[in-house]
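Report on one structure; see the data block that follows.
Numbering (the UniProt record's numbering), first residue to last: 1 to 161.
Right, here's the structure in full:
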């Protein structure tokens, strides 16, 4: 299921310069769904998201990180992966537009920053929901550029709907 840019803006509360998703290429449910079927939250484990972001050369974050040697900060890469992971919930709503979810990032583990993310890069974000316990949702996330793994982490979020 491809998600339009308009939907990204309706689904996420973030805005430029802290919106790190341009488009969602695919939301893959944990299992095949029938027409109009909504997944219960516990059945989202195994769901995957593929999203994209173009790292603009004029992105304001580069003004301070670092002048003359612009590198996209690791903490912002984690935020990008966390934003992408929230799209697993698309299959939990009959009408996911304008949902009022309260999502809070509560932990990050196993973060690895393998290569620097630089201005002009076209990034692909892949996430997979690995665990749900009550309101806590865990996802393993990876960030790629041209097929090369740039960074990865596991994020845990508290989700209230």
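By construction, the Cβ of each residue, glycine as well, lies at the ideal position given by its N, Cα and C atoms.
Burial state of residue 109 is exposed, judged by a 10 Å Cβ sphere holding fewer than 16 other Cβ atoms.
Contact between residue 45 and residue 24 fails: their C-beta atoms lie close to 19 Å from each other, not under 8 Å.
Within the UniProt domain "ApeI dehydratase-like" (47-135), the complete alpha helix (DSSP H) segments at least 4 residues long are 74-85, listed from N- to C-terminus. Looking at the backbone, the Cα of residue 102 and that of residue 13 are separated by about 10 Å. Three or more Cβ pairs closer than 8 Å define a contact, and the region 26-36 falls short of that threshold against the region 63-74. Here residue 161 is exposed. Its C-beta has fewer than 16 other C-beta atoms within 10 Å. Here the alpha carbons of residue 74 and residue 55 stand approximately 13 Å from one another. With a cutoff of 8 Å on beta-carbon distance, residue 121 and residue 153 are scored as not near each other. As the crow flies, the alpha-carbon of residue 85 is around 7 Å from that of residue 139.
For the options 90, 41, 69, the alpha carbon positioned closest to that of residue 8 is the one of 90. DSSP places residue 25 within a strand segment (E or B) once states are collapsed to three. When secondary structure is reduced to three states using DSSP, residue 45 falls in the coil class, being assigned neither helix nor strand. For residue 155, the uninterrupted beta strand (DSSP E) run begins and ends at 148-160, by DSSP.
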